[in-house]
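Since the structure comes first, as structure tokens, the remarks are kept for the end.
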Amino acid sequence: MDIISVENLTKKYKHFTLNKLNLKVPTGSVVGLVGANGAGKTTLIKLLLGIIKKDEGTINIINKEDIGIVLDDAFLPELLKINDINKIMKNIYKNWDEEVFYKYLQKFNLTNNVTMKSLSKGMKKKLEIATVLSHKPKLLILDEPTSGLDPIVRGEVLDLFREFMEQEDHSIFISSHITSDLESIADSLVLMNDGEILLNKSFIDITENYGIIHCPEEVFTKLKDSAINYRKNKYNYEVLIDNKKEIKKKYKDINIDKASIDEMMYLLIRGEK
Amino acid sequence: MKGLILKDLLILKNQMRNVLIIILGFVILSLWMENYFYIAFIIPFYIVMLVISTFSYDELNNSNTYIVALPYSRKTIVKARYILSVLSIITALLIGLALSLIIPIFNVDMDFASTFASTIASIMGVILVLALLMPCFYKFGVQKGRIILFMAIMAISLIIGIIISLFENSKLNIASFFNQLENINFAFLIMIAIAIIFLLLYISYLFSCKIYKNKEF
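Each protein sequence line maps, in turn, to chains G and B.
If you number the first sequence the way this note's numbering does, the last residue is 273 and the count never jumps.
If you number the second sequence the way this note's numbering does, the last residue is 1217 and the count never jumps.
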């Protein structure tokens, strides 16, 4: 079963088109979304949440009541106080759990009832995450939830997401520029560029089959046919491959490095074919 | 929907101190000018205008984007705002009523009827402004909406001016037309005016729903 299923999703803007996107988020999985600025990640998330209207295609997604949202730069007005959030959400979500909310606030050291205006960016993000986890959602849609958080809090937040995933029917769709976060919680990776999906693979697939080879030109000429993309540096070549096992068998003395998301992104988007 | 109305009420509550200071300012100004009509006029006006400020806060903090992603239909979101407006109108009316009862006690020159009449006139005017303003805000946002409304009012005044001058040129006597109106029951006219204004508010609501349905954030 898929908790999100998108087919041929198209959204046209003057200078940007999200073009016939196909995507599935299986129930019980964490799907990470990466891409350069302007790749269309936020557009995709806004389409999923009905913030903007699609031009073509279909979106199948569960009821909004069961979706927890953290948006990149949008929340309730900043003139509200922390306790106000509880009062409002109690009247918005049927499953709102006041106790859980205050438990998270305690955990995040958000115990003073101040207006959101006086909170730092990171504190505000923590408040949003406490909010999203307190109405018992089945699916989290998170747009840059860890941006602006220090490494310690980021670790805590990721732990909370892991805790959320302990229930079998829970799922997360998360976009982030902090790719190490995705490497640690996501089951699969969707890489977007210029309104299209360049790569959609599970992390198991990526670790098993993808790799990066740093090599001199004479080795590169041998490898060129099996390379997906490559980059020519001053002294060597960086080659992205997706058939690690075969290459290992064929060239025993070649060293294949693990492909990090950042390197893969760079090579897929900027590398040569 | 209760959550959305509560959101706006809590925002207003959090700035209650400023609101009270401003209202106190109006009271002092009114006493100083010895003009009690002023207070009966301005306070209801100010209260309803506070509703408008909630639009700005939603825009300022990008909250519109968040709110449309909540489990509400877009129609419900618009409805919540109009209900808030009606609530504020009722509040303004009650405060106006209280003032109209209190002011004559301190000033023998004033009576209940004339004070309350100025409150009613103020509220009617404000409802009219709200009815025009809210669809404009939904369509163009708060900043542009204000400018466009201002231009619309200018255009309407201009058109009315032209029509009146055409009437005058054609030697039709407007004064006699209004004199004839006075012969009709005055209370009846007021009832019609109120009915028309609320009808306008309802039409405004329908327009806002239609605009908001396709709005993107």
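Quick reminder that beta carbons are idealized off the backbone N, C-alpha and C, glycines included.
Does G/G28 come out as helix, strand or coil in the three-state DSSP assignment? In the first sequence, counting from the first residue as 1, residue 28 of chain G sits at position 28. In the three-state DSSP reduction, G/G28 falls in the coil class, being neither helix nor strand.
With DSSP run on the structure shown, which of helix, strand or coil describes G/F75? On the first sequence, position 75 is the one that residue 75 of chain G refers to. Coil.
Scan the stretch 1086 to 1169 of chain B and note each continuous alpha helix (DSSP H) run of 4 residues or more that stays entirely inside, going in chain order. You should have 1112 to 1169.
Extent of the continuous beta strand (DSSP E) to which G/M192 belongs: To locate residue 192 of chain G, count along the first sequence from 1; it is residue 192. According to the DSSP assignment, G/M192 belongs to the beta strand (DSSP E) that extends over S188 to N193.
I need the straight-line Cα distance from G/K14 to B/K1213, nearest angstrom please. Residue mapping note: residue 14 of chain G aligns to position 14 of the first sequence, counting from 1. Residue mapping note: residue 1213 of chain B aligns to position 213 of the second sequence, counting from 1. Their Cα atoms are separated by approximately 21 Å.
Looking only at its chain, what residues have a beta carbon closer than 7 Å to the beta carbon of G/A227, apart from the 5 residues adjacent to it on each side? Numbered from 1 along the first sequence, position 227 holds the residue referred to as residue 227 of chain G. Sequence-distant Cβ neighbours of G/A227 in its own chain, meaning closer than 7 Å and more than five residues away, are V239, L240 and I241.
Is B/P1135 near B/F1207, with beta carbons less than 8 Å apart? Working through the second sequence from its first residue, we reach residue 1135 of chain B at position 135. Working through the second sequence from its first residue, we reach residue 1207 of chain B at position 207. A contact, by the Cβ cut-off of 8 Å.
Contact criterion: CB-CB distance below 8 Å. Does G/K41 meet it with respect to chain B? Start at 1 with the first residue of the first sequence, and residue 41 of chain G comes out as number 41. Interface with chain B (8 Å Cβ-Cβ cutoff): G/K41 is excluded.
Roughly how many whole angstroms lie between the Cα atoms of G/K248 and G/A259? Counting from 1 along the first sequence, the entry for residue 248 of chain G is found at position 248. Counting from 1 along the first sequence, the entry for residue 259 of chain G is found at position 259. Rounded to the nearest angstrom, the two C-alpha atoms are 15 Å apart.
For B/G1003 versus G/N91, is the C-beta distance shorter than 8 Å? If you number the second sequence from 1, residue 1003 of chain B lands on position 3. If you number the first sequence from 1, residue 91 of chain G lands on position 91. Contact flag set, yes.
Establish whether the CB of G/K244 and some CB of chain B are separated by less than 8 Å. Your numbering for residue 244 of chain G matches position 244 in the first sequence. No, its Cβ sits nowhere closer than 8 Å to a Cβ of chain B.
Counting pairs of Cβ atoms below 8 Å between the stretch 52 to 70 of chain G and the stretch 1002 to 1020 of chain B, do you hit three or more? The stretch 52 to 70 of chain G, when compared against the stretch 1002 to 1020 of chain B, does not touch it at the 8 Å Cβ threshold.
Measure from the C-beta of B/M1057 to each C-beta in chain G and report whether the shortest distance is under 8 Å. If you number the second sequence from 1, residue 1057 of chain B lands on position 57. It is worth fixing the name first, because residue 1057 of chain B is Tyr in this sequence and not Met. It does; some Cβ of chain G falls within 8 Å.
Take every Cβ of the stretch 1098 to 1113 of chain B, pair it with every Cβ of the stretch 1034 to 1042 of chain B, and state whether three or more of those distances are shorter than 8 Å. Yes, they touch.
Look at G/L49 and G/I69 and say whether their C-beta atoms are less than 8 Å apart. For the purposes of this step, residue 49 of chain G is identified with residue 49 of the first sequence, where counting begins at 1. For the purposes of this step, residue 69 of chain G is identified with residue 69 of the first sequence, where counting begins at 1. Closer than 8 Å, so yes.
Please report the straight-line C-alpha distance between B/I1123 and B/A1117, rounded to a whole angstrom. The count along the second sequence starts at 1 and reaches residue 1123 of chain B at position 123. The count along the second sequence starts at 1 and reaches residue 1117 of chain B at position 117. It is roughly 10 Å from the alpha-carbon of B/I1123 to the alpha-carbon of B/A1117.
Within the chosen definition, does the stretch 81 to 96 of chain G reach the stretch 129 to 144 of chain G through at least 3 CB pairs nearer than 8 Å? Three or more beta-carbon pairs separated by less than 8 Å link the stretch 81 to 96 of chain G to the stretch 129 to 144 of chain G, which places the two stretches in contact.
Look at the Cβ atom of G/I174, then the Cβ atom of B/T1065, and state whether they are nearer than 8 Å. In the first sequence, residue 174 of chain G corresponds to position 174, counting from 1. In the second sequence, residue 1065 of chain B corresponds to position 65, counting from 1. Their beta carbons are not under 8 Å apart, which means G/I174 does not touch B/T1065 by this criterion.
B/L1050 and B/S1088 look like a contact to me (Cβ under 8 Å); what is the Cβ gap, rounded to whole Å? Taking the first residue of the second sequence as position 1, residue 1050 of chain B is located at position 50. Taking the first residue of the second sequence as position 1, residue 1088 of chain B is located at position 88. The Cβ separation is near 7 Å, so the contact holds.
Selected residue, minimal CA-CA separation from G/K234, among G/P216, G/N243, G/E246 and G/L223: Locating residue 234 of chain G in the first sequence gives position 234, where the first residue counts as 1. Looking at the Cα atoms, G/P216 is the closest of the given residues.
Own chain residues within Cβ distance below 8 Å of G/L79, not counting five before or after: Translated into positions along the first sequence, residue 79 of chain G becomes position 79. Exclusion of the five residues before and after G/L79 leaves T115, M116 and K117 as the residues of its chain whose Cβ lies within less than 8 Å of its Cβ.
Compare the C-alpha of G/D194 against each of G/N22, G/G35 and G/S29 and name the closest. On the first sequence, residue 194 of chain G is found 194 positions in, with the first residue counted as 1. Looking at the Cα atoms, G/G35 is the closest of the given residues.
Keeping to the same chain, check which residues put their C-beta closer than 7 Å to that of B/K1079; ignore five residues upstream and five downstream. For the purposes of this step, residue 1079 of chain B is identified with residue 79 of the second sequence, where counting begins at 1. Correct list, in chain order: M1001.
8 Å Cβ cut-off: residues of chain B touching G/N91: Counting from 1 along the first sequence, the entry for residue 91 of chain G is found at position 91. Going along chain B in sequence order, the residues near G/N91 (Cβ under 8 Å) are K1002, G1003 and L1006.
Proximal residues of chain G, C-beta to C-beta of B/I1194 below 9 Å: If you number the second sequence from 1, residue 1194 of chain B lands on position 194. Chain G residues near B/I1194: none, gap ~32 Å exceeds 9 Å.
If you compare alpha carbons, which of G/M89, G/L199 and G/G155 is closest to B/P1071? Numbered from its first residue, the second sequence carries residue 1071 of chain B at position 71. Comparing Cα positions, the closest option is G/M89.
7 Å CB neighbourhood of G/T27 in its chain, flanking five on each side removed: Position 27 of the first sequence holds residue 27 of chain G. For G/T27, where only same-chain residues beyond five positions count, the Cβ hits under 7 Å are M1, D2, I3, D169 and S171.
Name, please, each residue of chain B whose Cβ falls closer than 8 Å to the Cβ of G/I52. Position 52 of the first sequence holds residue 52 of chain G. Within chain B, the residues near G/I52 are E1216 and F1217.
With DSSP collapsed to three states, give me the class of G/N196. Taking the first residue of the first sequence as position 1, residue 196 of chain G is located at position 196. Before going further, note that residue 196 of chain G is Glu rather than Asn in the sequence given. Shown here, G/E196 sits in a strand according to DSSP, grouped into three states.
By a C-beta neighbour count over all protein chains shown, 10 Å radius and 16 as the cutoff for buried, is B/T1115 buried or exposed? Counted from its first residue, the second sequence places residue 1115 of chain B at position 115. Counting C-beta atoms within 10 angstroms of its own C-beta, B/T1115 has 16 or more neighbours from the protein chains shown and is therefore classed as buried.
Candidates G/K244, G/Y230, G/I254 and G/I256, of which the one nearest G/L267 by Cα: One-based indexing of the first sequence puts residue 267 of chain G at position 267. Selection G/K244, G/Y230, G/I254 and G/I256 evaluated against G/L267 yields G/Y230 as nearest (Cα-Cα).
Using 8 Å as the threshold, is the C-beta distance between G/L71 and B/A1069 below it? Taking the first sequence and counting its residues from 1, one reaches residue 71 of chain G at position 71. Taking the second sequence and counting its residues from 1, one reaches residue 1069 of chain B at position 69. Yes, the pair counts as a contact, with Cβ atoms nearer than the cut-off.
Chain G contacts made by the stretch 1067 to 1088 of chain B, where a contact means CB separation under 9 Å: Using a CB distance below 9 Å, the part of the stretch 1067 to 1088 of chain B facing chain G consists of I1067, V1068, A1069, L1070, P1071, Y1072 and R1074, ordered along the chain.
Since B/Q1015 meets chain G, which of its residues come closer than 9 Å, beta carbon to beta carbon? Position 15 of the second sequence, counting from 1, holds the residue named residue 1015 of chain B. For B/Q1015, the chain G residues whose C-beta falls within less than 9 Å of its own C-beta are L79, listed in chain order.
How many angstroms separate the CA atom of G/F161 from the CA atom of G/V6? Counting from 1 along the first sequence, the entry for residue 161 of chain G is found at position 161. Counting from 1 along the first sequence, the entry for residue 6 of chain G is found at position 6. For G/F161 and G/V6, the distance between alpha carbons rounds to 24 Å.
Segment limits, beta strand (DSSP E) that includes G/E238: Taking the first residue of the first sequence as position 1, residue 238 of chain G is located at position 238. Counting along the chain, G/E238 sits inside the beta strand (DSSP E) bounded by residues Y237 to I241.
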